[in-house]
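Q: Let me begin by handing over the structure; questions about it come next.
Number of protein chains: 2
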Amino acid sequence: MGAFMSRNTSYWIWYPGDFELYHAMRQNFSRVERGYGWPAFWKSEGFRNRVAFRREYELTEETSFYVYSAAVGHVLVEDRKYPFGRSILCGPGKVRVSVHAGCIETFPSIYVEGDVIYSNHTWMAEDYTNPPIMAGFNERYTEKSQNPSVWEYKEEIYLPVSAEACADGVLFGFETELTAVLEIHDSREDRQLRVYCGESREEALDRAHCYYSWTPDARTGRCQRCAVRYAFVAEEDQAYSDISPCLHGDFGTNVPGKRKSVLPEEIEVKAIHQYTDIPVRAQFTSSDGLINRIWSVAEHTFRLCSGIFFIDGIKRDKWIWGGDAYQSLFVNQYLMADADINRRTLLALRGNDPMTTHINTILDYSLYWILSIKAHYEAYGDLDFVEQVYPKMVTLMDFCEEQLEEHGFITGRAGDWVFIDWADLDKEGALCAEQMLFAECYRTMTLLGGRLGKDAFLCGSYRQKYEALKKNINAFYWNAGRGAYIDSFVSGREHVTRHANIFAILFDIADERQKVQIVQNVLHNEEIPQITTPYFKFYEMDALCKMGYLEEVLERIREYWGGMLARGAVTFWEEYDPSVQQEEQYDMYGDKFGKSLCHAWSASPIYLLARYFVGLKITDPVSGNYELCPHLEYFDSLECVLPAGDKQIWVSWDGKELKFGEKQ
Amino acid sequence: MGAFMSRNTSYWIWYPGDFELYHAMRQNFSRVERGYGWPAFWKSEGFRNRVAFRREYELTEETSFYVYSAAVGHVLVEDRKYPFGRSILCGPGKVRVSVHAGCIETFPSIYVEGDVIYSNHTWMAEDYTNPPIMAGFNERYTEKSQNPSVWEYKEEIYLPVSAEACADGVLFGFETELTAVLEIHDSREDRQLRVYCGESREEALDRAHCYYSWTPDARTGRCQRCAVRYAFVAEEDQAYSDISPCLHGDFGTNVPGKRKSVLPEEIEVKAIHQYTDIPVRAQFTSSDGLINRIWSVAEHTFRLCSGIFFIDGIKRDKWIWGGDAYQSLFVNQYLMADADINRRTLLALRGNDPMTTHINTILDYSLYWILSIKAHYEAYGDLDFVEQVYPKMVTLMDFCEEQLEEHGFITGRAGDWVFIDWADLDKEGALCAEQMLFAECYRTMTLLGGRLGKDAFLCGSYRQKYEALKKNINAFYWNAGRGAYIDSFVSGREHVTRHANIFAILFDIADERQKVQIVQNVLHNEEIPQITTPYFKFYEMDALCKMGYLEEVLERIREYWGGMLARGAVTFWEEYDPSVQQEEQYDMYGDKFGKSLCHAWSASPIYLLARYFVGLKITDPVSGNYELCPHLEYFDSLECVLPAGDKQIWVSWDGKELKFGEKQ
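Structure below.
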């Protein structure tokens, strides 16, 4: 947290976590579908409303300072109160400064400006419940004129690359998918326009089923920010702009001729793309054009889904999901290596203590949160952050331990969602894959507790639990006959799926002999149902890479991600099934355009290519030491730059010779 | 809660408690002192941001309904989603309706309108953490056009009754103290006015030390709502309108002649008094003019302090305090008999579980909250409310039981404020008065648990704890030599104050023999320091009445409250010491105008007169049965009407004959 803190810079400060919880709530309440809102269906955690900030100074001479805040409150210097926004003179000598702030609509934050007295992480924050704690801050908020409740997007203007008269309107196309505010100007003033947005051409042209449609603001011509690749502009029609979901399906086609057509030359459209500026630090160019395109589209997909937080998709859900975010950490590490979006996302996900429900209501997503802290640490060596959240790791583990059955296996309670994947898992009794995640959590607690120098008793206890759980998993779930782990030992069905077996490889639950059996009996066994989501495909590819099947993985990347490109994808999709007809390819969840066409979890080729083919691995996150084990034999040539902590590693392969080094 | 619910009326509904917590935060953040805000210095509890409301219907025929909400969300009917504000058609048959709502700035609330499907307490609310619970509502919010985040005040216009040129401005006086928006119109347009408000003439004329001063809005001439009896209007002067507290005391006098004077004939002033309309149901007229005036001023004081909640005072603190509110319950019972302000106040005070700090940070104020539920029940028989809050009573008691010392006595933890009164108590170790409150809490838990039919084990356990604690109090704190209870048995100082001894009478910790000793050795012993606050004087008078010293109490009321009237009070003060010089009479907390001149806890004569002199006591709150034991021998004549639940009791005494009865 404090690592990048500049000296003598004033920061906006708040109670730690409040910034993330507030913006997460805004993010999770931003989903819209055909005119109605869909706030995320889990516990939405509150920021604090009443906070005190304190700092003591030993002043050698008189000094003055200002405190700014949009909250209700005052500054207390010793026992004298001052309003915000006025010069305050104090010193010399010992001076206790406290700032009292209350705010209902958003979290209280303050900005203290002065030569000697100014706000940064050396201030303590109090919430009238817990012991004082280091104030929260963010590198992006260092100017008095800023408002930490407003996230500052960068903007870039995109003009349409196509304009086509379709039925009674005009279909505008952009070069790629954007998260944009559309601005529409009509040369005629005698009509009201409506804009229908789509991630696909088909969606934009389907007035009834497209997710987002807007009436441009009368004064500015602007629409609400949303995901858009195509925009269909037509005259407003009450039947479509005021769609009653009861009528779903009745208005699927356009009805040309009934209204006056809107013509391309009458309309000016621009898209103001709004994004969070996180620089990409990787470059990848190989002799394989398809792989290059996959990298590039994955990069665009991932950047769109990396805003204030890692979100799942930019059209839908726009929510922060713990499992999705965990995968994003791995792509981030090799693409942007931005530690702050990790921190923001992880603070947002975890919420406040006491923990009362699982993250996103999903048991496994709570467990991924623990693993995320490890992934974050291993990428950036950010021990300050681990220190900050370790107490919440412990209380999360405590919460999980309230739901163990007789063998110490974790089970879902009423209301818990035991997810793992959209797949036919045998979920009777304790589910094997959950145990493997849980075991990895115990291992993480031991590892990170040790790094923090936590007391040996606590770490020892986690280590013992890890060993016991791992042993029990092998005793109850390993089926020697099948040479694989089964989903459930309770049901008696001995159902084998890929999921637990993949985790057994990734988390070292299986020994080397078992791993070989798993590859043969499960991963290379066509009778075991295939993984259908790019989400779990990430883990499968990771496991196959770990087991050395790089050529196979490269082929699958070319097939699966290349398949989406062949269908015209400019961003990677939430799901892709090559066997589905083109007309139905955007259908999901029983919704014609339900599928998200820009989904973070589909960006995993970046991680796979960087981690296993370029072969870069950080070995010591604190010192930034790394090892490079390239497997570039599948490429005729390759030029690549990857981040490793603060360093930039370049690798150059011409088919014969490999060169590499560090850039500044 | 449901008792007054009308049939077929739509109510705004929300998660129970959210309405109170939101408005309480607004109330507790509304304190202003000389230009800076002072949000209450305790844990300010959040309302929920994400709520679902659910209801199932068995519809005999098709029906339609609308859902309205300012939140983000949608309506789910079976598995179909609808936006807010549109007609929804459903049925016949079984129909599950749920409404999903998210809001950051305020609590989510919804309004469902339809012939068959409409919102009221039959809907359940969920917060994604706790089991479903009956939705919250308020009788005041039954119209679609309302916004439950906005409290609707009634307004009454007051014109000044005096206008007096003072120095360079005009001092306007109102007939009494108000909570008002001032509206100022200046016939000249070449200057900027500033208004300085005061509860006293002296405060309004003291530009530097008055609490509230405003620059009227340029367009409307209006100022912010505040406590005001006098308003001094002068030309704006940077030195005063922008007072730096560093300069306190340097600007205490007006400097006439330096600026152009504002003249009375140039200015129009009106006060828009804003109040919560709670009808007064009592009338009191006796042969004793002073007592009549005391009743009348107490009534005005109490009504001003009874807004959305019972607050302590209207200028300062404007906060909701548990101890103050407890006393207000008793006055309310005999003056307005409004159960809803009790409920609002008690829900606001208690906040959410888990409890992490004491109410208002004060140990005794947590305990009064338990006693308040009993007082509320005994006044209104409101078992629905008791049922609603009993779980929070149990968790509050659990929280208290975490801080018992070896004898089972309750002690303060670090950060707890052990208050009892502004008095010189011996607070070493466990304080006697706190134990007596705590014992009364155990008795309350037993009583109310029994009324609710809670399991015998729980109630039995509270009863045992009550008996044990009462026995221990008498063993450790009763000092047979002094014939009184001592503050502390740890210090060895055997310090006797009135406080614990008063509680011993009120809560029956003392037996009849001990009570008589207490009156003699403490209450009638001039060597024991007098109570200095009207707050604790309430308990002292109550105890004296209980012991039959009515004549003495009447005399003290005439002296103490009559003393304030003699000093010009139009509302009763936070504190009054007859020995203080007139020039210093508004001074408190080291602040020249720090004393609140309109303070709820000073309205207790209403309770004392009604309860002991008219002698009305509700004996069965559920049936509304009461007993009347009048002691009107101190009056030549008296006409009085008092509420008793839904009934109105009238009493008429002409010095010879007493008549009484019920009115409708």
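Protein chains in written order, with the numbering used here: chain G, -16 to 647; chain V, -16 to 647.
Glycine is no exception: its CB is placed at the ideal position from the N, C-alpha and C atoms.
Applying the criterion that 16 or more other CB atoms from any shown protein chain within 10 Å of the CB defines a buried residue, is Tyr572(V) buried or exposed?
A: Exposed, because fewer than 16 other Cβ atoms sit within 10 Å of the Cβ of Tyr572(V).
Q: Just to confirm, are Tyr5(G) and Thr112(G) a CB contact at a threshold of 8 Å?
A: The answer is no: Cβ separation not under 8 Å.
Q: Cβ atoms of Val314(G) and Phe285(G): under 8 Å apart, would you say?
A: Taking 8 Å as the Cβ cut-off, Phe285(G) and Val314(G) qualify as a contacting pair.
Q: Beta carbons nearer than 7 Å to chain G: which residues of the stretch 55 to 66 of chain V have them?
A: Those residues of the stretch 55 to 66 of chain V that come within reach of chain G (Cβ to Cβ, closer than 7 Å) are Val55, Gly56, His57, Arg63, Lys64, Tyr65, Pro66.
Q: Could you give the residue range of the beta strand (DSSP E) that holds Trp405(V)?
A: Careful: Trp405(V) lies outside any beta strand (DSSP E) and carries neither H nor E.
Q: Let me see if you follow: with CB-CB separation under 8 Å, is Trp21(G) close to chain V or not?
A: Chain V contact via Cβ: present.
Q: Do you know how far the Cα of Ala217(V) is from the Cα of Met107(V)?
A: One C-alpha to the other measures close to 55 Å.
Q: Suppose only complete runs of 4+ residues qualify. What are the alpha helix (DSSP H) ranges in the stretch -11 to 43 of chain G, listed by chain order?
A: Counting only runs of 4 or more, we get 1 to 11.
Q: List the whole-angstrom C-beta distance separating Ile294(V) from Trp302(V), where the pair is believed to meet the contact cut-off of C-beta under 8 Å.
A: Ile294(V) to Trp302(V), Cβ: 6 Å. Contact.
Q: Does the Cβ of Cys209(V) have 16 or more other Cβ atoms within 10 Å, making it buried, or fewer, making it exposed?
A: Buried, because 16 or more other Cβ atoms sit within 10 Å of the Cβ of Cys209(V).
Q: My assumption, with CB atoms under 8 Å, is that Pro22(V) sits in contact with Arg33(G). Please give the rounded CB distance.
A: About 6 Å; that satisfies the 8 Å criterion.
Q: Measuring alpha carbon to alpha carbon, tell me which residue in Asn335(G), Asn325(G), Tyr136(G), Gly443(G) is nearest Glu361(G).
A: When only C-alpha atoms are compared, the closest one is Asn325(G).
Q: Apart from the five residues just before and just after Lys243(G), which ones in its own chain have a Cβ nearer than 8 Å to its Cβ?
A: Taken in chain order, the residues that qualify are Asp151, Arg174, Glu218.
Q: Out of curiosity, what's the CA-to-CA distance linking Tyr49(G) and Glu16(V)?
A: Those two C-alpha atoms are separated by around 19 Å.
Q: Quick one: grab the DSSP three-state call for Glu566(G).
A: The answer is helix: DSSP assigns Glu566(G) an H, G or I state.
Q: Can you check whether the CB of Glu249(V) is closer than 8 Å to the CB of Ser170(V)?
A: Taking 8 Å as the Cβ cut-off, Ser170(V) and Glu249(V) qualify as a contacting pair.
Q: Checking 8 Å against the spacing of the C-beta atoms, do Ala265(V) and Val499(V) come in under that value?
A: Cβ distance not < 8 Å, so Ala265(V) and Val499(V) don't count as in contact.
Q: When burial is assigned at 16 or more other CB atoms within 10 Å of the CB, is Cys612(G) buried or exposed?
A: Under this definition Cys612(G) is an exposed residue.
Q: Under 8 Å, with one C-beta from each stretch per pair, do the stretch 386 to 405 of chain G and the stretch 328 to 346 of chain G reach the 3-pair mark?
A: The stretch 386 to 405 of chain G, when compared against the stretch 328 to 346 of chain G, does touch it at the 8 Å Cβ threshold.
Q: Show which residues of chain V have a CB atom less than 8 Å away from the CB atom of Ile291(G).
A: In chain order: nothing, as chain V lies at least about 14 Å away.
Q: Hey, is the stretch 181 to 193 of chain V in contact with the stretch 557 to 577 of chain V, meaning 3+ C-beta pairs nearer than 8 Å?
A: Judged by Cβ distances under 8 Å, the stretch 181 to 193 of chain V makes contact with the stretch 557 to 577 of chain V, as three or more pairs qualify.
Q: Looking at the unbroken beta strand (DSSP E) that takes in Leu650(G), where does it start and where does it end?
A: Nothing can be reported for residue 650(G): it is not among the residues displayed for chain G, which extend from -16 to 647.
Q: Consult DSSP for Ala649(V) and reduce its assignment to one of helix, strand or coil.
A: Here chain V covers residues -16 to 647 and nothing more, so residue 649(V) does not appear.
Q: Identify the residues that DSSP records as bridge partners of Met653(V): which are they?
A: It is not possible to answer for residue 653(V), since the shown part of chain V is limited to -16 through 647.
Q: Let me make sure I understand the geometry here. Which of Ile492(G), Leu533(G), Glu417(G), Ala451(G) has the alpha-carbon closest to that of His390(G)?
A: Minimum Cα distance to His390(G) is reached at Ala451(G).
Q: Give me the Cβ distance between Ala35(V) and His83(V), rounded to the nearest whole Å; I'm assuming they're in contact under 8 Å.
A: Rounded, the Cβ-Cβ distance is 5 Å, consistent with contact.
Q: Between Ile589(G) and Ala281(G), is the Cβ-Cβ spacing less than 8 Å?
A: For Ile589(G) and Ala281(G), yes; Cβs fall inside 8 Å.
Q: Output needed in chain order: residues of the stretch 330 to 363 of chain G with a Cβ under 8 Å from some Cβ in chain V.
A: Listed by position, the residues of the stretch 330 to 363 of chain G near chain V (Cβ gap below 8 Å) are Pro337, Thr339, Thr340, Thr344.
Q: Find the nearest neighbour of Tyr425(G) within the set Ile492(G), Phe459(G), Glu477(G), Leu366(G), judged by alpha-carbon distance.
A: Nearest option by C-alpha distance: Ile492(G).
Q: Would you report the Cα separation of His256(G) and Ala549(G), rounded to the nearest angstrom?
A: Approximately 26 Å, taken between the alpha carbons.
Q: For Ala146(V) versus Ala254(V), is the C-beta distance shorter than 8 Å?
A: Not closer than 8 Å, so no.
Q: Does the beta carbon of Ser224(G) sit closer than 8 Å to a beta carbon anywhere in chain V?
A: Per-residue confidence for Ser224(G) stands at a pLDDT of 48, beneath the threshold of 50, marking its modelled position as unreliable; the derived number appears in the next sentence. Not an interface residue.
Q: For Met530(V), which of helix, strand or coil comes out of DSSP?
A: In this structure, Met530(V) counts as coil in the three-state DSSP scheme.
Q: Tell me whether Gly156(G) sits in a helix, a strand or coil according to DSSP, three-state version.
A: Looking at Gly156(G) - three-state DSSP - the assignment turns out to be strand.
Q: Does the CB of Tyr94(V) have a neighbour CB from chain G at under 8 Å?
A: Taking Cβ atoms only, chain G never reaches closer than 8 Å to Tyr94(V), which makes this a no.
Q: Mind checking if Arg9(G) is an interface residue toward chain V, Cβ cutoff 8 Å exclusive?
A: Yes, contact with chain V.
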